[in-house]
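In this note's numbering, the protein residues as written are 1 to 131.
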């Protein structure tokens, strides 16, 4: 694991997401990937991401913080986007919102095996209250 540059792997993964290049997703994510403790597999992971991009057409993943300590990656992703309907159960309905996601990954080899994600829903709620 020491020879793998996790930062480079992760940045490639984020570029893949932003390009919506789903044919390359399997180069970054294992077939048996788990998301927040649930095994969803590569196909379920891809479906989740495709749904996110359908519901948020201007979605873009921006790395704010990145810490790599093999075999794990910790990242704070920043978003500034416009969900078209509800988001996190909130009636966003086309309003622009900014929020962060704190996400941890565990890799096996150079592929993501587990993902733990927490989105700052309170930030979205605050913005909806003031708009």
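Think of the CB as a built atom: it goes at the ideal place given N, C-alpha and C, for glycine as much as any other residue.
Identified DSSP bridge partners for residue i
| i | result |
| --- | --- |
| residue 70 | Note: residue 70 sits in no beta bridge, so no partner. |
| residue 35 | 38, 115 |
| residue 77 | 63, 101 |
| residue 29 | 112 |
Buried or exposed by the 16-neighbour rule on C-beta atoms within 10 Å, applied to residue i
| i | result |
| --- | --- |
| residue 135 | Since the first residue of the chain shown is 1 and the last is 131, residue 135 is not available in this structure. |
| residue 114 | buried |
| residue 83 | buried |
| residue 65 | exposed |
| residue 88 | exposed |
| residue 112 | buried |
| residue 75 | buried |
| residue 1 | Unreliable positioning characterises residue 1 in this predicted model, as indicated by a pLDDT of 41, which lies under 50. The coordinate reading is nonetheless provided below. Exposed, because fewer than 16 other Cβ atoms sit within 10 Å of the Cβ of residue 1. |
| residue 9 | buried |
| residue 97 | buried |
Nearest neighbour of residue i, chosen from the options [CA to CA]
| i | options | result |
| --- | --- | --- |
| residue 77 | 113, 61, 4, 16 | 61 |
| residue 120 | 111, 103, 51, 22 | 103 |
| residue 99 | 127, 49, 67, 57 | 127 |
| residue 93 | 55, 25, 38 | 55 |
| residue 91 | 58, 129, 57, 80 | 129 |
| residue 80 | 124, 20, 40, 50 | 124 |
| residue 53 | 105, 85, 8, 110 | 85 |
| residue 46 | 95, 21, 118 | 21 |
| residue 122 | 58, 101, 59 | 101 |
8 Å contact criterion, which residue i and residue j should meet: CB distance rounded
| i | j | result |
| --- | --- | --- |
| residue 42 | residue 71 | In fact, because the Cβ distance is near 18 Å, the residues do not count as touching under 8 Å. |
| residue 17 | residue 73 | About 14 Å; that fails the 8 Å criterion. |
Could you tell me which uninterrupted beta strand (DSSP E) segments, each at least 3 residues in length, are contained entirely in the segment 82–114, listed from first to last along the chain?
-> 97–108
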